[in-house]
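Residue numbers (the UniProt record's numbering): 1 to 161. Quick reminder that beta carbons are idealized off the backbone N, C-alpha and C, glycines included. Source: prediction; values computed, not measured. Written out below as structure tokens is the structure these notes cover.
Shown next, in the form of structure tokens:
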């Protein structure tokens, strides 16, 4: 489904809006779904595990601590996410392989690109509340993103007619 966050904000004025710090790197210009969270720092082991699972109707929100030193997502993990039906990923950190990400059928919003991979140490917490960009993300709530911004809601939203 295609989402327009300005229209959603007009129809649902109580949604929370993230501070504008993210850029779109994925092949989808809009995405939305139920939130699954990961809290990690410069280790994408949990991201690798989650994108290998069925993500139909879900958005992976990764609190990478805002690190600008390592990429938490690259082309291979993004392709795995697309193959497993993930709607999108929001990365509070960096991504890499940006030319390939733009060709992959999954939404990806992140702070920046960085060519350095993470170290795989198996660290990170799954399905915990995480906070960044002025919003707290609760597993099971909903996120919607497009080139205008990112919004969250405790309930699923539908595009107004």
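Exposed unless 16 or more other CB atoms sit within 10 angstroms - verdict on residue 136
exposed
Mind the definition here: the stretch 27 to 42 touches the stretch 58 to 69 only if three or more C-beta pairs lie below 8 Å; say whether that holds.
yes
CB residue 47 to CB residue 87, shorter than 7 Å?
no
Can you list, in chain order, the residues of its chain with a C-beta nearer than 6 Å to that of residue 16? Leave out the 5 residues immediately preceding and following it.
135, 152
Pick from 158, 154, 91: whose alpha carbon is nearest that of residue 14?
Of the residues 158, 154, 91, the one whose Cα lies closest to the Cα of residue 14 is 154.
Option in 2, 121, 27, 50 with minimal Cα separation from residue 127
50
Straight-line gap, residue 90 to residue 61 (C-alpha atoms, nearest Å):
5 Å
Once DSSP output is grouped into helix, strand and coil, what is the label at residue 34?
strand
Sub-7 Å separation of residue 104 and residue 78 beta-carbons:
yes
In this structure, does DSSP put residue 117 in helix, strand or coil?
strand
Just the Cα atoms here: how many angstroms apart are residue 34 and residue 129?
The alpha-carbon atoms of residue 34 and residue 129 are separated by roughly 14 Å.
So what does residue 125 bridge to, in DSSP terms?
DSSP lists 39 as partners of residue 125.
When you compare each of 57, 93, 83, 26 to residue 100 by their alpha carbons, which one comes out closest?
26
Nearer than 6 Å: is that true of the beta carbon of residue 125 relative to any heavy atom of the ligand MG?
Among the components modelled here there is no ligand, and therefore nothing to report on the ligand MG.
Distance between beta carbons of residue 85 and residue 55, contact taken as under 8 Å:
5 Å
Find out if the Cβ-Cβ distance for the pair residue 107, residue 31 is shorter than 7 Å.
Result yes, Cβ atoms of residue 107 and residue 31 sit closer than 7 Å.
Selection from 83, 10, 57, 149 that minimises the alpha carbon distance to residue 110:
149
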